[in-house]
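See below:
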(Lines of atoms letter the chains of each structure in order from A and count residues from 1; the text may use other names and numbers.)
(Lines give C-alpha, C1' and ligand atoms only; values in the text may rest on other atoms or scores of the structure.)
Protein backbone atom coordinates (compact mmCIF):
# COMPACT_ATOMS: atom_id res chain seq x y z
CA UNK A 1 0.00 0.00 0.00
CA UNK A 2 1.42 3.37 -0.95
CA UNK A 3 2.05 6.17 1.48
CA UNK A 4 -0.57 8.38 -0.22
CA UNK A 5 -3.27 5.81 0.28
CA UNK A 6 -2.43 5.43 3.97
CA UNK A 7 -2.51 9.19 4.48
CA UNK A 8 -5.89 9.45 2.76
CA UNK A 9 -7.41 6.77 5.02
CA UNK A 10 -6.08 8.48 8.15
CA UNK A 11 -7.55 11.84 7.11
CA UNK A 12 -10.91 10.16 6.45
CA UNK A 13 -11.02 8.53 9.87
CA UNK A 14 -10.13 11.73 11.66
CA UNK A 15 -12.80 13.60 9.82
CA UNK A 16 -15.48 11.05 10.65
CA UNK A 17 -14.60 11.21 14.37
CA UNK A 18 -14.92 14.99 14.51
CA UNK A 19 -18.21 15.15 12.58
CA UNK A 20 -21.38 15.00 14.68
CA UNK A 21 -24.93 14.92 13.27
CA UNK A 22 -26.90 18.08 13.64
CA UNK A 23 -29.81 16.49 15.45
CA UNK A 24 -27.44 14.86 17.94
CA UNK A 25 -25.56 18.11 18.39
CA UNK A 26 -28.82 19.90 19.00
CA UNK A 27 -29.84 17.33 21.56
CA UNK A 28 -26.60 17.51 23.42
CA UNK A 29 -26.11 21.28 23.22
CA UNK A 30 -27.15 23.11 26.36
CA UNK A 31 -30.36 25.04 26.08
CA UNK A 32 -30.22 28.76 26.60
CA UNK A 33 -30.81 29.41 30.27
CA UNK A 34 -32.66 32.36 31.68
CA UNK A 35 -30.74 34.27 34.26
CA UNK A 36 -32.40 33.82 37.61
CA UNK A 37 -31.76 35.89 40.67
CA UNK A 38 -29.18 34.35 42.94
CA UNK A 39 -30.60 32.49 45.87
CA UNK A 40 -30.26 34.28 49.19
CA UNK A 41 -27.84 32.32 51.38
CA UNK A 42 -29.21 31.02 54.65
CA UNK A 43 -28.10 32.93 57.71
CA UNK A 44 -24.98 31.42 59.24
CA UNK A 45 -25.43 29.66 62.56
CA UNK A 46 -23.03 30.84 65.22
CA UNK A 47 -21.27 27.91 66.88
CA UNK A 48 -19.58 28.26 70.27
CA UNK A 49 -16.42 26.17 69.81
CA UNK A 50 -15.32 26.58 73.41
CA UNK A 51 -18.66 25.25 74.70
CA UNK A 52 -18.47 22.22 72.40
CA UNK A 53 -14.88 21.57 73.48
CA UNK A 54 -15.82 21.79 77.15
CA UNK A 55 -18.75 19.44 76.64
CA UNK A 56 -16.56 16.93 74.80
CA UNK A 57 -13.94 17.08 77.54
CA UNK A 58 -16.59 16.56 80.21
CA UNK A 59 -18.04 13.58 78.33
CA UNK A 60 -14.58 12.10 77.89
CA UNK A 61 -13.76 12.56 81.56
CA UNK A 62 -17.06 10.99 82.57
CA UNK A 63 -16.47 8.00 80.30
CA UNK A 64 -12.94 7.55 81.63
CA UNK A 65 -14.21 7.84 85.19
CA UNK A 66 -16.86 5.20 84.58
CA UNK A 67 -14.30 2.91 82.95
CA UNK A 68 -11.76 3.27 85.74
CA UNK A 69 -14.25 3.17 88.63
CA UNK A 70 -14.01 -0.06 90.61
CA UNK A 71 -16.79 -1.78 92.39
CA UNK A 72 -16.78 -0.82 96.07
CA UNK A 73 -15.89 -3.75 98.36
CA UNK A 74 -18.36 -5.01 100.91
CA UNK A 75 -16.71 -5.09 104.34
CA UNK A 76 -18.05 -6.48 107.60
CA UNK A 77 -15.67 -5.56 110.40
CA UNK A 78 -15.43 -7.60 113.57
CA UNK A 79 -14.48 -6.51 117.07
CA UNK A 80 -11.08 -8.31 117.02
CA UNK A 81 -12.02 -10.27 120.14
CA UNK A 82 -11.10 -13.92 119.76
CA UNK A 83 -10.78 -14.78 123.45
CA UNK A 84 -11.99 -13.43 126.78
CA UNK A 85 -9.00 -12.33 128.79
CA UNK A 86 -8.96 -12.79 132.57
CA UNK A 87 -9.29 -9.79 134.82
CA UNK A 88 -6.31 -8.24 136.54
CA UNK A 89 -5.89 -9.38 140.13
CA UNK A 90 -5.13 -7.04 142.96
CA UNK A 91 -1.47 -7.35 143.95
CA UNK A 92 -0.63 -8.65 147.41
CA UNK A 93 0.75 -5.90 149.61
CA UNK A 94 2.91 -6.71 152.62
CA UNK A 95 3.12 -4.15 155.37
CA UNK A 96 6.06 -3.77 157.65
CA UNK A 97 9.65 -2.72 157.70
CA UNK A 98 12.23 -3.82 155.19
CA UNK A 99 13.98 -7.10 155.93
CA UNK A 100 17.63 -8.13 155.79
CA UNK A 101 18.34 -11.71 154.74
CA UNK A 102 21.41 -13.69 155.69
CA UNK A 103 21.53 -17.42 154.95
CA UNK A 104 24.74 -19.42 154.64
CA UNK A 105 24.45 -22.91 153.14
CA UNK A 106 20.95 -23.16 154.53
CA UNK A 107 18.48 -25.82 153.39
CA UNK A 108 16.05 -24.40 150.87
CA UNK A 109 13.08 -25.67 152.87
CA UNK A 110 14.19 -23.66 155.91
CA UNK A 111 14.64 -20.52 153.84
CA UNK A 112 11.17 -21.03 152.41
CA UNK A 113 9.60 -21.44 155.88
CA UNK A 114 11.45 -18.40 157.18
CA UNK A 115 10.30 -16.11 154.37
CA UNK A 116 6.76 -17.35 153.76
CA UNK A 117 5.85 -18.33 157.31
CA UNK A 118 7.85 -16.26 159.76
CA UNK A 119 8.28 -13.01 157.86
CA UNK A 120 5.28 -12.75 155.50
CA UNK A 121 2.93 -15.01 157.49
CA UNK A 122 1.34 -16.59 154.40
CA UNK A 123 -0.68 -19.76 154.05
CA UNK A 124 1.20 -22.26 151.91
CA UNK A 125 1.32 -25.95 151.08
CA UNK A 126 4.43 -28.01 150.33
CA UNK A 127 3.62 -30.80 147.88
CA UNK A 128 7.01 -32.52 147.62
CA UNK A 129 10.09 -32.28 149.78
CA UNK A 130 12.15 -29.32 148.63
CA UNK A 131 15.82 -30.21 148.36
CA UNK A 132 18.82 -28.01 147.96
CA UNK A 133 20.97 -25.56 149.86
CA UNK A 134 21.26 -21.85 149.24
CA UNK A 135 23.39 -18.93 150.35
CA UNK A 136 21.55 -15.63 150.45
CA UNK A 137 22.78 -12.36 151.87
CA UNK A 138 21.45 -8.85 151.26
CA UNK A 139 23.65 -5.83 151.90
CA UNK A 140 20.68 -3.52 152.40
CA UNK A 141 17.20 -4.25 153.75
CA UNK A 142 14.74 -5.54 151.13
CA UNK A 143 11.08 -4.41 150.90
CA UNK A 144 8.65 -7.13 151.90
CA UNK A 145 6.91 -6.95 148.50
CA UNK A 146 10.12 -8.26 146.87
CA UNK A 147 10.70 -11.25 149.14
CA UNK A 148 8.45 -13.63 147.19
CA UNK A 149 10.24 -12.81 143.95
CA UNK A 150 13.58 -13.58 145.60
CA UNK A 151 12.24 -16.85 146.95
CA UNK A 152 10.77 -17.77 143.57
CA UNK A 153 14.17 -17.36 141.89
CA UNK A 154 15.71 -19.65 144.52
CA UNK A 155 13.02 -22.28 143.98
CA UNK A 156 13.39 -22.13 140.20
CA UNK A 157 17.15 -22.63 140.50
CA UNK A 158 16.42 -25.84 142.42
CA UNK A 159 13.68 -27.03 140.00
CA UNK A 160 10.81 -26.17 142.31
CA UNK A 161 7.68 -24.10 141.65
CA UNK A 162 5.58 -21.72 143.68
CA UNK A 163 1.98 -21.40 142.50
CA UNK A 164 -0.63 -19.04 143.89
CA UNK A 165 -4.11 -20.51 143.94
CA UNK A 166 -7.39 -18.73 143.43
CA UNK A 167 -7.96 -18.81 147.21
CA UNK A 168 -4.75 -16.91 147.90
CA UNK A 169 -2.80 -19.90 149.21
CA UNK A 170 0.58 -20.77 147.74
CA UNK A 171 1.54 -24.25 146.57
CA UNK A 172 5.23 -25.12 146.61
CA UNK A 173 6.07 -28.27 144.68
CA UNK A 174 9.09 -29.92 143.17
CA UNK A 175 7.04 -31.76 140.53
CA UNK A 176 7.98 -31.02 136.93
CA UNK A 177 4.30 -30.98 135.98
CA UNK A 178 3.46 -28.59 138.78
CA UNK A 179 1.84 -26.18 136.36
CA UNK A 180 -0.97 -28.66 135.76
CA UNK A 181 -1.84 -28.73 139.48
CA UNK A 182 -3.23 -25.22 139.14
CA UNK A 183 -4.46 -24.76 135.55
CA UNK A 184 -5.90 -21.29 136.12
CA UNK A 185 -5.12 -18.59 133.58
CA UNK A 186 -4.09 -15.23 134.95
CA UNK A 187 -3.74 -11.84 133.35
CA UNK A 188 -0.41 -10.83 131.92
CA UNK A 189 -0.74 -7.55 133.82
CA UNK A 190 -0.56 -9.27 137.19
CA UNK A 191 2.51 -8.32 139.18
CA UNK A 192 2.55 -10.89 141.97
CA UNK A 193 5.15 -13.65 142.18
CA UNK A 194 4.26 -17.25 141.41
CA UNK A 195 4.21 -19.74 138.56
CA UNK A 196 1.24 -18.96 136.30
CA UNK A 197 -0.17 -19.31 132.80
CA UNK A 198 -1.02 -16.21 130.80
CA UNK A 199 -2.64 -15.47 127.45
CA UNK A 200 -0.67 -13.18 125.14
CA UNK A 201 -2.74 -11.73 122.25
CA UNK A 202 -0.68 -10.71 119.23
CA UNK A 203 -1.55 -7.79 116.98
CA UNK A 204 0.73 -8.03 113.96
CA UNK A 205 2.92 -11.14 114.08
CA UNK A 206 1.64 -14.70 113.83
CA UNK A 207 1.71 -16.97 116.87
CA UNK A 208 4.02 -19.51 115.22
CA UNK A 209 6.56 -16.84 114.23
CA UNK A 210 6.51 -15.38 117.73
CA UNK A 211 7.05 -18.85 119.18
CA UNK A 212 10.12 -19.30 116.95
CA UNK A 213 11.55 -16.06 118.31
CA UNK A 214 10.97 -17.14 121.93
CA UNK A 215 12.23 -20.72 121.54
CA UNK A 216 15.92 -19.93 122.19
CA UNK A 217 15.09 -18.31 125.56
CA UNK A 218 12.14 -20.47 126.66
CA UNK A 219 11.89 -24.19 127.27
CA UNK A 220 9.41 -26.41 125.50
CA UNK A 221 7.02 -26.55 128.47
CA UNK A 222 6.67 -22.77 128.41
CA UNK A 223 4.47 -22.95 125.30
CA UNK A 224 1.13 -24.21 126.54
CA UNK A 225 -0.53 -23.37 123.21
CA UNK A 226 0.45 -21.70 119.95
CA UNK A 227 -2.84 -20.59 118.36
CA UNK A 228 -2.50 -19.14 114.86
CA UNK A 229 -6.26 -19.02 114.31
CA UNK A 230 -6.77 -16.63 117.24
CA UNK A 231 -3.29 -15.10 116.94
CA UNK A 232 -2.31 -15.69 120.56
CA UNK A 233 0.17 -17.53 122.75
CA UNK A 234 -0.38 -19.28 126.07
CA UNK A 235 2.82 -19.10 128.11
CA UNK A 236 3.57 -20.68 131.48
CA UNK A 237 6.41 -19.64 133.76
CA UNK A 238 7.46 -17.69 136.78
CA UNK A 239 6.76 -13.99 137.02
CA UNK A 240 10.37 -13.16 136.18
CA UNK A 241 10.29 -15.41 133.11
CA UNK A 242 6.94 -14.07 131.93
CA UNK A 243 8.09 -10.47 132.24
CA UNK A 244 11.15 -11.21 130.11
CA UNK A 245 9.11 -12.99 127.44
CA UNK A 246 6.54 -10.19 127.36
CA UNK A 247 9.32 -7.67 126.75
CA UNK A 248 10.43 -9.70 123.72
CA UNK A 249 6.86 -9.92 122.45
CA UNK A 250 6.51 -6.14 122.70
CA UNK A 251 9.77 -5.77 120.77
CA UNK A 252 8.82 -7.97 117.80
CA UNK A 253 5.03 -7.59 117.67
CA UNK A 254 5.06 -4.51 115.46
CA UNK A 255 3.35 -3.54 112.20
CA UNK A 256 5.69 -5.13 109.69
CA UNK A 257 3.97 -3.60 106.65
CA UNK A 258 4.31 -0.11 108.07
CA UNK A 259 8.02 -0.66 108.53
CA UNK A 260 8.53 -2.16 105.07
CA UNK A 261 9.64 -0.05 102.12
CA UNK A 262 8.14 -0.95 98.74
CA UNK A 263 9.13 0.28 95.30
CA UNK A 264 7.52 -0.43 91.92
CA UNK A 265 9.92 0.19 89.02
CA UNK A 266 8.44 0.09 85.47
CA UNK A 267 10.65 -1.14 82.65
CA UNK A 268 10.86 0.40 79.19
CA UNK A 269 13.43 -1.57 77.22
CA UNK A 270 13.71 -4.97 78.92
CA UNK A 271 11.59 -7.86 80.10
CA UNK A 272 10.78 -8.32 83.77
CA UNK A 273 12.11 -11.87 83.96
CA UNK A 274 15.62 -11.13 82.72
CA UNK A 275 15.94 -8.03 84.90
CA UNK A 276 14.61 -9.91 87.95
CA UNK A 277 17.05 -12.75 87.29
CA UNK A 278 19.96 -10.32 87.05
CA UNK A 279 18.95 -8.57 90.28
CA UNK A 280 18.55 -11.87 92.11
CA UNK A 281 22.03 -12.93 91.01
CA UNK A 282 23.39 -9.59 92.19
CA UNK A 283 21.70 -9.80 95.60
CA UNK A 284 22.47 -13.50 96.09
CA UNK A 285 26.21 -12.99 95.71
CA UNK A 286 26.26 -14.22 92.14
CA UNK A 287 24.09 -17.25 92.89
CA UNK A 288 27.06 -19.31 94.08
CA UNK A 289 25.70 -19.88 97.59
CA UNK A 290 22.60 -22.06 97.75
CA UNK A 291 21.42 -20.29 100.90
CA UNK A 292 21.69 -16.93 99.17
CA UNK A 293 23.87 -13.92 99.79
CA UNK A 294 23.70 -11.53 102.72
CA UNK A 295 20.95 -9.52 101.01
CA UNK A 296 18.82 -12.46 99.86
CA UNK A 297 16.39 -12.09 102.76
CA UNK A 298 16.73 -8.34 103.13
CA UNK A 299 15.70 -7.33 99.60
CA UNK A 300 12.94 -9.24 97.84
CA UNK A 301 12.58 -8.98 94.06
CA UNK A 302 9.11 -9.72 92.66
CA UNK A 303 8.55 -9.53 88.86
CA UNK A 304 5.12 -8.17 87.90
CA UNK A 305 4.53 -9.25 84.30
CA UNK A 306 1.14 -7.60 83.90
CA UNK A 307 2.62 -4.17 84.62
CA UNK A 308 6.04 -4.96 83.11
CA UNK A 309 7.54 -3.75 86.38
CA UNK A 310 9.83 -4.92 89.17
CA UNK A 311 8.51 -4.85 92.75
CA UNK A 312 11.15 -4.37 95.46
CA UNK A 313 10.29 -5.06 99.12
CA UNK A 314 12.84 -4.35 101.84
CA UNK A 315 12.87 -3.39 105.53
CA UNK A 316 15.60 -0.82 104.79
CA UNK A 317 14.48 2.13 102.68
CA UNK A 318 17.97 3.06 101.43
CA UNK A 319 18.10 -0.19 99.44
CA UNK A 320 15.35 1.16 97.18
CA UNK A 321 17.72 3.80 95.82
CA UNK A 322 20.56 1.34 95.28
CA UNK A 323 18.39 -1.30 93.61
CA UNK A 324 16.62 1.39 91.57
CA UNK A 325 19.96 2.51 90.15
CA UNK A 326 20.76 -1.04 89.05
CA UNK A 327 17.31 -1.46 87.50
CA UNK A 328 17.90 1.71 85.48
CA UNK A 329 21.25 0.37 84.31
CA UNK A 330 19.86 -3.02 83.34
CA UNK A 331 16.89 -1.43 81.57
CA UNK A 332 19.02 0.96 79.51
CA UNK A 333 18.96 1.17 75.74
CA UNK A 334 21.18 -1.48 74.14
CA UNK A 335 24.40 -0.34 72.52
CA UNK A 336 24.01 0.10 68.78
CA UNK A 337 27.19 -1.84 68.03
CA UNK A 338 25.64 -4.95 69.56
CA UNK A 339 22.40 -4.70 67.58
CA UNK A 340 21.73 -6.63 64.41
CA UNK A 341 21.68 -4.51 61.27
CA UNK A 342 20.49 -4.99 57.71
CA UNK A 343 22.95 -4.24 54.91
CA UNK A 344 22.15 -4.13 51.19
CA UNK A 345 24.96 -4.77 48.67
CA UNK A 346 24.22 -4.24 44.99
CA UNK A 347 25.66 -7.21 43.10
CA UNK A 348 27.45 -6.25 39.87
CA UNK A 349 29.25 -9.25 38.38
CA UNK A 350 27.09 -12.24 39.40
CA UNK A 351 23.58 -13.09 40.49
CA UNK A 352 22.39 -12.33 44.04
CA UNK A 353 21.17 -15.91 44.56
CA UNK A 354 24.55 -17.41 43.69
CA UNK A 355 26.37 -14.97 45.96
CA UNK A 356 24.01 -15.71 48.87
CA UNK A 357 24.54 -19.43 48.38
CA UNK A 358 28.30 -19.02 48.48
CA UNK A 359 28.14 -16.89 51.64
CA UNK A 360 25.92 -19.45 53.36
CA UNK A 361 28.44 -22.19 52.57
CA UNK A 362 31.35 -20.13 53.85
CA UNK A 363 29.81 -18.96 57.15
CA UNK A 364 27.67 -22.04 57.80
CA UNK A 365 24.48 -20.06 58.46
CA UNK A 366 26.05 -18.09 61.32
CA UNK A 367 25.68 -14.62 59.93
CA UNK A 368 23.62 -15.02 56.78
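Residue numbers (my numbering): 87 to 454. Ideal Cβ positions, reconstructed from N, Cα and C, are used throughout, including at glycine.
| Item | Value |
| --- | --- |
| Report back the beta-carbon spacing between residue 250 and residue 280 to the nearest angstrom; my notes put them in contact at under 8 angstroms. | 4 angstroms |
| Along the chain, where does the alpha helix (DSSP H) containing residue 419 start, and where does it finish? | Run containing residue 419: none; DSSP gives neither H nor E here. |
| Taking residue 221 and residue 190 to be in contact with their CB atoms under 8 angstroms, please state how far apart those CB atoms are, rounded to whole angstroms. | 6 angstroms |
| In terms of residue numbering, what span does the beta strand (DSSP E) encompassing residue 283 cover? | 282-287 |
| Quick check: residue 177 and residue 277, are their CB atoms within less than 7 angstroms of each other? | yes |
| Any idea if residue 346 is buried or exposed, counting beta-carbon neighbours within 10 angstroms, 16 or more meaning buried? | exposed |
| On the three-state DSSP scale, how would you describe residue 244? | coil |
| Confirm, please, whether the CB-CB distance from residue 208 to residue 256 is below 7 angstroms. | yes |
| DSSP has residue 222 in a bridge; who is on the other side? | 189 |
| What three-state label does DSSP hand residue 401 in the structure shown? | coil |
| Is the Cβ-Cβ distance between residue 272 and residue 172 less than 7 angstroms? | yes |
| Is the beta carbon of residue 419 closer than 7 angstroms to that of residue 349? | no |
| From which residue to which residue does the beta strand (DSSP E) around residue 345 run? | Element bounds for residue 345: not the beta strand (DSSP E) but the alpha helix (DSSP H), 342-345. |
| Please work out which residues of its chain come closer than 8 angstroms, Cβ to Cβ, to residue 308, disregarding the five sequence neighbours upstream and downstream, and give them in chain order. | 300, 321, 322, 323, 327 and 331 |
| For residue 256, which of helix, strand or coil comes out of DSSP? | strand |
| Check the C-beta distance from residue 414 over to residue 325 and give it rounded, since I have them as a contact under 8 angstroms. | With 8 angstroms as the limit, residue 414 and residue 325 do not qualify as a contact, their Cβ atoms being about 56 angstroms apart. |
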